[in-house]
Amino acid sequence: MRKILKGWKNNYVGLDCTLVSVSNIFSYYGLKYSPDLLLGIGCGLSFIYLNRTKPMSKMNLEGIIWMVSGKTSDIHRHIAVNLGVHYHEETHPSEDAAWTYLKWAIDRGRPVMVKINLYTYADCLEGFNLYRSDQSLDELNSYLTERIRQDPLFKNNYYHTTVVVGYDEEKGVVYLSENFFNNIQEVPRDLFMQAIRGTQNKPFYTTVDFFLPREPFPLDVAIYNSIKMNVFLMKNPPIAEMGIPALYQFLHDLSQWKELIKEERVLRDSIYYMAGMSTQVTGGGMYRKRYSRFLALVNKQFPAFHFEKAILRYKVVSSVWTRLLKMLLQAAKAERPEQILQSAELRALTDILRREEVLALEDLEKGCRSYETKLGA
Numbered sequence: 003m004r005k006i007l008k009g010w011k012n013n014y015v016g017l018d019c020t021l022v023s024v025s026n027i028f029s030y031y032g033l034k035y036s037p038d039l040l041l042g043i044g045c046g047l048s049f050i051y052l053n054r055t056k057p058m059s060k061m062n063l064e065g066i067i068w069m070v071s072g073k074t075s076d077i078h079r080h081i082a083v084n085l086g087v088h089y090h091e092e093t094h095p096s097e098d099a100a101w102t103y104l105k106w107a108i109d110r111g112r113p114v115m116v117k118i119n120l121y122t123y124a125d126c127l128e129g130f131n132l133y134r135s136d137q138s139l140d141e142l143n144s145y146l147t148e149r150i151r152q153d154p155l156f157k158n159n160y161y162h163t164t165v166v167v168g169y170d171e172e173k174g175v176v177y178l179s180e181n182f183f184n185n186i187q188e189v190p191r192d193l194f195m196q197a198i199r200g201t202q203n204k205p206f207y208t209t210v211d212f213f214l215p216r217e218p219f220p221l222d223v224a225i226y227n228s229i230k231m232n233v234f235l236m237k238n239p240p241i242a243e244m245g246i247p248a249l250y251q252f253l254h255d256l257s258q259w260k261e262l263i264k265e266e267r268v269l270r271d272s273i274y275y276m277a278g279m280s281t282q283v284t285g286g287g288m289y290r291k292r293y294s295r296f297l298a299l300v301n302k303q304f305p306a307f308h309f310e311k312a313i314l315r316y317k318v319v320s321s322v323w324t325r326l327l328k329m330l331l332q333a334a335k336a337e338r339p340e341q342i343l344q345s346a347e348l349r350a351l352t353d354i355l356r357r358e359e360v361l362a363l364e365d366l367e368k369g370c371r372s373y374e375t376k377l378g379a
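Residue numbers for the sequence shown follow the numbering used here, so the first one is 3 and each next one is one higher.
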């Protein structure tokens, strides 16, 4: 029998699977917060740099050569905390337990966010053009899709987020709200359950359920707390692979990649992959641009914050990241990548980012102080 959540709509679409998923779940419950707004409320401004060749802390980097991300993986947890929303995140012991929970939730009118292993889920991605926002990167898009299928690194480290909104046991299908589409998608149950089983380095059968209160925290208070927390986490990250320390290390390592990795193929492959993912999906530049949009929304709705300088600075930072990543793509294709990696132009871009990323955090602090002053008045 076919069961789909009554009244469910994919009100938001976009590249960021987690933010779009949470926005659509909140919208289903009557709280219409856009992905850009939730990026800010979730302390989404971050920087993560993992380098297996010389890890900065004792965290497990098995299977990872390089990973660069512009946002934190804890974003859905920060969203819940800052808005006063209860969430239940559970790792189920077996496929049967996970399936029973999903059916229980749908039968009670509750959408469930799940984590999916991209390596296993790749068969569904042929119709999901993840990177269709930029037609000039067709070659890169094809390359990344093949990497998902062929590279064992994906088996253990990369996941996608989607929302279960229905099922049909007789037909053997699950209905999903995918961040790429306006319409609900249908996937085979067996493939779906295999994909949510997880990986060696990620929890198996992980589900996230949100329970919204009648009155979440006031939006301006949630915004203020999230920005203060975000600035603190950037300056004082829990591990060295995050925040400003990681950003500085990444910018320093760029010119040394030729020495870090001696094997030419691995060097080119890793630079190409990292730059492509950063440009299209998780990169610092894209999230800086989106964070400036979040600040613009805040300024419009709550003028007491005064984030004008921060908005402009993050737009500049975003454009510099874009220029840097394009140079990395050129380096991956060049006969002598070190000529680009060690060029004066690339060094100039890294110098700008070192300076402007810190100044942008100071602009955020000034905007929060302006809000505090208005409250005091």
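Positions of the beta carbon are idealized from the N, C-alpha and C atoms, including for glycine.
Between the C-alpha atoms of M231 and E171 there is a straight-line separation of about 44 Å. Distance from the CA of S321 to the CA of A346, rounded to the nearest whole angstrom, comes to 18 Å. The continuous alpha helix (DSSP H) containing K311 extends over residues 310-335. Annotation for M115: no alpha helix (DSSP H) segment contains it, though the beta strand (DSSP E) segment containing it runs 114-119. When secondary structure is reduced to three states using DSSP, Y103 falls in the helix class. Here R292 carries a helix assignment [DSSP, helix/strand/coil]. Apart from the 5 residues on each side of it in sequence, T208 sits with its Cβ closer than 6 Å to the Cβ of T93, K117 in its chain, given in chain order. C-alpha of N26 to C-alpha of Y14: approximately 6 Å in a straight line. By the criterion of a C-beta distance shorter than 8 Å, L348 is surrounded in its chain by L256, S257, L326, M329, I342, once the five residues flanking it on both sides are discounted. Exposure of L377 is indicated by the presence of fewer than 16 other C-beta atoms within 10 angstroms of its C-beta.
Boundaries of the beta strand (DSSP E) around L52: 50-53. Between P190 and G168 the beta-carbon gap is near 14 Å, outside 8 Å, which marks them as no contact. Shown here, S36 sits in coil according to DSSP, grouped into three states, outside any helix or strand.
Distance check between R4 and each of I246, Y177, T102 places Y177 closest, using alpha-carbon atoms only. In its chain, beyond the 5 residues on either side, K260 have a beta carbon closer than 7 Å to the beta carbon of E340.
Per DSSP, the continuous alpha helix (DSSP H) segment holding D222 begins and ends at 221-237. Listed as beta-bridge partners of D98 by DSSP are no residues whatsoever. Only exposed fits G32, as fewer than 16 other CB atoms lie within 10 angstroms of its CB. Rounded to whole angstroms, the gap between the alpha carbons of V360 and I246 is 8 Å.
For Q196, the secondary structure class from DSSP, reduced to helix, strand or coil, is helix. In this structure the region 219-230 does not lie against the region 99-112, because fewer than three pairs of beta carbons, one per stretch, are closer than 8 Å. In the displayed model, R4 falls within a strand according to three-state DSSP.
Within the same chain, Cβ atoms closer than 7 Å to the Cβ of A333 are found at I273, P339, I342, L343, the five residues on either side in sequence being excluded. Under the DSSP definition of a beta bridge, V176 partners with Y169, V189. V15 sits in coil when the DSSP states are folded into three classes, being neither helix nor strand. The beta-bridge partner set that DSSP reports for D353 is empty. Straight-line measurement puts the Cα of G86 at about 14 Å from the Cα of C45. Around the beta carbon of T102, fewer than 16 other beta carbons sit within 10 angstroms, so the residue counts as exposed.
DSSP places Y30 within a helical segment (H, G or I) once states are collapsed to three. In the assembly as shown, H88 is an exposed residue. Its beta-carbon has fewer than 16 other beta-carbons within 10 Å. The alpha-carbon separation between L47 and E97 amounts to approximately 34 Å. In this structure, I81 sits near L40, with a CB-CB distance shorter than 7 Å.
With a 10 Å radius around the Cβ and a threshold of 16 neighbouring Cβ atoms, K8 comes out exposed. The closest CA to that of Y226, considering only M236, D211, I43, is found on I43.
Taking the Cβ atoms as the reference, Y373 lies roughly 5 Å from A306, within the contact range of under 8 Å.
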